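Contents: one structure, followed by commentary.
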Amino acid sequence: MITMYGIPNCDTVKKAKNWFEKRQIPYSFVDFKKTGVDKETLELWVLEMGWEPLLNKRGTTFRELPAPLKDDIDADKAMLLMSAHPTMIKRPVVTDGETVLVGYDSTGYEKMTGIHD
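Heads up: take any position in the sequence shown, counting from 1, add 12, and you land on our numbering.
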């Protein structure tokens with residue numbers, strides 16, 4: 013089963029949802045603004061792809077942090093920030109339990125689902 017993590021009003025999440033719905037591919041949606049992301053899941057994502065693709069440094073939440081929190085970021089600090097502020101996670105995160113994709117990635121979705129346009 014495919015799981016998509018994000019925030020419902022995010023344009024990129026809407027685009028990803030549309031991609032799956034247009035192809036009638038079932039997925040579950042986790043609104044991490046409401047529920048957050050558990051530590052184990054976040055650790056798996058970081059192991060899979062590193063923290064850099066996951067941490068959204070362009071977003072308002074990150075930009076509004078005090079400078080000391082934004083300096084010298086490593087995996088542990090990034091995970092603490094993303095756990096405390098899930099809106100700092102780039103959206104959407106889409107996983108089938110094996111592969112983790114961040115952001116809108118139609119080519120990745122095709123590979124994940126085996127459905128090609």
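No residue lacks a Cβ here, since even glycine has one placed at the ideal position from N, Cα and C. Note that the structure is predicted; figures quoted are calculated from it, not measured.
Considering only 33, 83, 52, the residue with the shortest C-alpha distance to residue 125 is 33. For residue 15, the enclosing beta strand (DSSP E) has its first and last residue at 14-18.
Residue nearest to residue 40 within the set 128, 20, 58 is 20 (criterion: CA-CA distance). A straight line joining the alpha-carbon of residue 71 with that of residue 111 spans about 25 Å. Taking C-beta atoms as the reference points, residue 115 and residue 102 count as a pair closer than 8 Å.
For residue 43, the pairing in a beta bridge is given by DSSP as 18. By the 16-neighbour rule on beta-carbons within 10 angstroms, residue 62 is exposed. Taking the Cβ atoms as the reference, residue 54 lies roughly 6 Å from residue 91, within the contact range of under 8 Å. Within its own chain, the residues whose Cβ lies closer than 8 Å to the Cβ of residue 24, once the five positions on either side in sequence are excluded, are 18, 103, 104, 115, 116, listed in chain order. When secondary structure is reduced to three states using DSSP, residue 111 falls in the coil class, being assigned neither helix nor strand.
Counting the other Cβ atoms within 10 Å of the Cβ of residue 107 gives 16 or more, which makes it buried.
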